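Comments concern the structure below.
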Amino acid sequence: MPLLPEMKAFLLKLRSQQEKNKQEFGSKYHENGYICKHRDGRPFEFSYVNRKLQEILKQNNMTIVTLHGLRHSTATLLAKLGFSDLEIQAWLRHKDIRSTIHYTHNSADRRINPGKGISDYFNDRGEDNKS
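The numbering of the sequence shown is this note's numbering, which starts it at 265 and goes up by one.
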């Protein structure tokens with residue numbers, strides 16, 4: 265998948281911080297190929313990441329979802345923005361298009377007019393920002 269510029273900047277900053285952590289912890293640093301890990305190099309456990317996600321969502325008064333639930337949200341948003349099932353399948357790296365179709369929660373506006381779905385999405389977002 266193409267690396268988004270924002271993600272590239274984030275990953276470069278993260279790598280720099282991890283190099284500093286490696287120096288700080290010395291021989292106690294856990295070497296591995298993981299990207300997301302504790303300061304001492306130990307990889308995050310899935311339950312830890314989910315728990316942290318819940319905390320961030322609560323702090324920001326957002327709908328509580330799991331990491332897996334974010335895949336559904338991503339698929340649905342991409343569909344609402346007019347991306348095809350094949351494009352969404354590639355983004356989510358599904359082997360079977362049926363999985364992608366299940367995730368996209370096909371909405372009526374997407375089936376009727378993808379362009380209208382995009383317009384409605386941005387208009388709705390604008391209304392949310394006016395209050």
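Ideal Cβ positions, reconstructed from N, Cα and C, are used throughout, including at glycine.
All of these numbers come straight from a predicted model, not from anything done at the bench.
Out of curiosity, what's the CA-to-CA distance linking residue i and residue j?
| i | j | result |
| --- | --- | --- |
| Arg-306 | Asn-285 | 11 Å |
| Leu-396 | Ala-354 | Given that the chain is displayed from residue 265 to residue 395, the structure contains no residue 396 and the question cannot be resolved. |
| Tyr-367 | Arg-357 | 12 Å |
| Thr-411 | Ser-291 | Because residue 411 is not part of the residues shown, which for the chain are 265 to 395, the question remains open. |
| Arg-362 | Phe-289 | 46 Å |
| Leu-350 | Gln-287 | 44 Å |
| Asp-304 | Asn-387 | 45 Å |
| Lys-315 | Phe-274 | One point to set straight first is that residue 315 is Arg, not Lys, in the sequence displayed. Straight-line Cα distance between these residues: approximately 21 Å. |
For residue i, does the count of other Cβ atoms within 10 angstroms reach 16, so buried, or fall short, so exposed?
| i | result |
| --- | --- |
| Thr-327 | exposed |
| Lys-344 | buried |
| Leu-268 | exposed |
Measuring alpha carbon to alpha carbon, tell me which residue in the options is nearest residue i.
| i | options | result |
| --- | --- | --- |
| Gly-346 | Leu-268, Leu-267, His-294 and Asp-384 | Asp-384 |
| Ser-280 | Arg-315, Leu-321, Ile-299 and Gln-318 | Ile-299 |
| Arg-335 | Ser-348, Ile-352 and Gln-323 | Ile-352 |
I believe residue i touches residue j by the beta-carbon criterion, under 8 Å. Please report the beta-carbon distance rounded to the nearest angstrom.
| i | j | result |
| --- | --- | --- |
| Phe-310 | His-302 | Going by Cβ atoms, the distance from Phe-310 to His-302 rounds to 14 Å, so no, they are not a contact pair. |
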